[in-house]
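In our numbering, the protein residues as written are 148 to 393.
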């Protein structure tokens with residue numbers, strides 16, 4: 148059975164170092180004990196029938212992480228007849244009192260952290276309430292926006308209705324004026340036609356062909372007037388349809 152004494156120095160007390168060593172010893176099947184010394188060093192007695200496991204154990208106890216820092220490892224063979232059946236932590240009476248004091252300090256810190264956590268929870272709840280309130284305001288603004296949009300659509304409809312009405316009224320007025328113009332034009336054309344025919348009748352013997360052509364011209368002018376009136380009505384109708392669609 149091989150037994151060694153390991154002395155370690157560094158930042159290795161009150162940082163959970165011994166708990167780590169107990170876990171390593173358990174995994175490797177190492178028996179023995181670990182103890183804190185007053186000079187802030189740690190002593191380990193490691194015992195095993197497998198020398199390779201002892202070497203691996205010594206290699207793994209040299210820990211360096213955020214909390215634990217081993218600066219020096221000293222290993223010496225230990226001549227003893229004592230057989231260790233497990234691996235345990237040796238705790239002195241004074242150390243127990245220190246650990247109780249440390250536990251009280253940790254408990255106080257935990258209480259403070261808990262209070263802060265409660266404070267944060269209250270703030271979080273307040274933020275949640277504010278967020279809900281903002282959401283309600285956002286919904287209300289959305290409703291108002293929809294109302295304004297609806298109002299705008301109604302106003303546009305009214306506007307288009309007004310425009311349509313004005314166009315229709317203008318159309319009626321224009322149609323009336325066109326009727327007057329067409330009537331006057333018809334009378335004037337008939338008078339002109341009559342006078343022209345009478346005058347050309349005088350010279351019909353010599354210029355009968357001119358009279359015939361004038362009749363044709365008057366007929367074409369009448370047809371063109373009818374076609375112009377029809378085109379104007381179609382144009383006005385198209386404008387009214389566009390206005391109603393908008």
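For each residue, glycine too, the CB sits at the ideal point set by N, CA and C.
The model shown is predicted, which means the values in this text are computed figures rather than measured ones.
Next on the checklist: In this structure, how does DSSP classify residue 160 when only helix, strand and coil are distinguished?
Outcome noted: Against the chain shown, residue 160 aligns to sequence position 13. In this structure, residue 160 counts as coil in the three-state DSSP scheme.
Next on the checklist: Using a 10 Å radius around the Cβ and a threshold of 16 neighbouring Cβ atoms, would you call residue 172 buried or exposed?
Outcome noted: Start at 1 with the first residue of the chain shown, and residue 172 comes out as number 25. Result: buried.
Item to check | Residue-chain proximity (residue 150, chain B), Cβ-Cβ < 8 Å | outcome: In the structure shown, chain B does not exist; there is a single protein chain.
Checklist entry - Assuming residue 178 contacts residue 160 under a Cβ cut-off of 8 Å, what Cβ separation, rounded to an integer in Å, is found between them? => result Taking the first residue of the chain shown as position 1, residue 178 is located at position 31. Taking the first residue of the chain shown as position 1, residue 160 is located at position 13. Going by Cβ atoms, the distance from residue 178 to residue 160 rounds to 23 Å, so no, they are not a contact pair.
Item to check | Assigned secondary structure, residue 205 (DSSP; H/G/I helix, E/B strand, else coil) | outcome: On the chain shown, position 58 is the one that residue 205 refers to. If DSSP states are grouped into helix, strand and coil, residue 205 belongs with the helices.
Next on the checklist: On the CB-based measure, 16 or more other CB atoms within 10 Å of its CB, does residue 373 come out buried or exposed?
Outcome noted: For this step, residue 373 is matched to residue 226 along the chain shown. The residue is exposed, with fewer than 16 neighbouring Cβ atoms inside 10 Å.
Item to check | Pair within 8 Å by beta-carbon distance, residue 191 and residue 168 | outcome: Taking the chain shown and counting its residues from 1, the one referred to as residue 191 is at position 44. Taking the chain shown and counting its residues from 1, the one referred to as residue 168 is at position 21. Yes, Cβ-Cβ distance for residue 191 and residue 168 is below 8 Å.
Checklist entry - Apart from the five residues on each side of it in sequence, which residues of its chain come closer than 8 Å, Cβ to Cβ, to residue 148? => result Stepping through the chain shown from its first residue, residue 148 is reached at position 1. Excluding positions up to five away in sequence, the list reads 194, 195, 196 and 230.
Checklist entry - Between residue 158 and the rest of its own chain, which residues show a CB-CB distance below 7 Å, the 5 nearest in sequence each way excluded? => result Residue 158 sits at position 11 when you count from the first residue of the chain shown. Excluding sequence neighbours, residue 158 sits near 215 and 216.
Next on the checklist: Going by beta-carbon coordinates alone, are residue 205 and residue 220 separated by less than 8 Å?
Outcome noted: Within the chain shown, the letter at position 58 stands for residue 205. Within the chain shown, the letter at position 73 stands for residue 220. Their beta carbons are under 8 Å apart, which means residue 205 touches residue 220 by this criterion.
Item to check | residue 218, enclosing beta strand (DSSP E) - first and last residue | outcome: Locating residue 218 in the chain shown gives position 71, where the first residue counts as 1. 216–224 is the span of the beta strand (DSSP E), which, as asked, contains residue 218.
Item to check | Counted within 10 angstroms of its Cβ, other Cβ atoms place residue 389 as buried (16 or more) or exposed | outcome: The residue you call residue 389 lines up with position 242 of the chain shown. Per the 10 Å Cβ criterion, exposed.
Item to check | Own chain, CB closer than 6 Å to residue 222, minus 5 neighbours either side, in chain order | outcome: In the chain shown, the residue the question calls residue 222 occupies position 75. Once the five neighbours on either side are set aside, the close Cβ partners of residue 222 are 151, 153 and 205.
Next on the checklist: Can you check which of these residues, 276, 185, 297 and 226, is closest to residue 240 by C-alpha distance?
Outcome noted: Residue mapping note: residue 240 aligns to position 93 of the chain shown, counting from 1. Closest option to residue 240, Cα to Cα, is 185.
Item to check | Per DSSP, cross-strand counterpart(s) of residue 385 | outcome: Within the chain shown, numbered from 1, the residue matching residue 385 stands at position 238. Answer by DSSP bridge pairing: none, since residue 385 is not bridged.
Next on the checklist: So, with DSSP's three-state summary, where would you put residue 150?
Outcome noted: Counting from 1 along the chain shown, the entry for residue 150 is found at position 3. Note: residue 150 maps to strand in three-state DSSP.
Checklist entry - What separation, rounded to the nearest whole angstrom, lies between the Cα atoms of residue 202 and residue 176? => result Indexing the chain shown from 1 puts residue 202 at position 55. Indexing the chain shown from 1 puts residue 176 at position 29. Looking at the two C-alpha atoms, the distance is approximately 12 Å.
Checklist entry - If you run the structure through DSSP and keep just helix, strand and coil, what is residue 229? => result Residue 229 sits at position 82 when you count from the first residue of the chain shown. Three-state DSSP puts residue 229 in coil, outside helix and strand.
Checklist entry - Where do the N-terminal and C-terminal ends of the beta strand (DSSP E) with residue 178 fall, by residue? => result Here residue 178 refers to the residue found at position 31 of the chain shown. Where residue 178 is concerned, the enclosing beta strand (DSSP E) stretches over 178–183.
Checklist entry - DSSP on residue 191, reduced to helix/strand/coil? => result Walking along the chain shown from the start, residue 191 turns up at place 44. Three-state DSSP puts residue 191 in a strand.
Checklist entry - Looking at the unbroken beta strand (DSSP E) that takes in residue 237, where does it start and where does it end? => result The sequence position of residue 237 within the chain shown is 90, counting from 1. It spans 234–237 - the beta strand (DSSP E) in which residue 237 sits, taken as one unbroken run.
Item to check | Span separating the alpha-carbon of residue 235 from that of residue 180 | outcome: For the purposes of this step, residue 235 is taken as the residue at position 88 of the chain shown. For the purposes of this step, residue 180 is taken as the residue at position 33 of the chain shown. The straight-line gap from Cα to Cα measures roughly 5 Å.
Next on the checklist: With a threshold of 6 Å on Cβ separation, who are the neighbours of residue 155 within its own chain once the five nearest residues in sequence on each side are excluded?
Outcome noted: Here residue 155 corresponds to residue number 8 of the chain shown, with the count starting at 1. Closer than 6 Å at the Cβ level, and outside the excluded window around residue 155, lie 189, 217 and 220.
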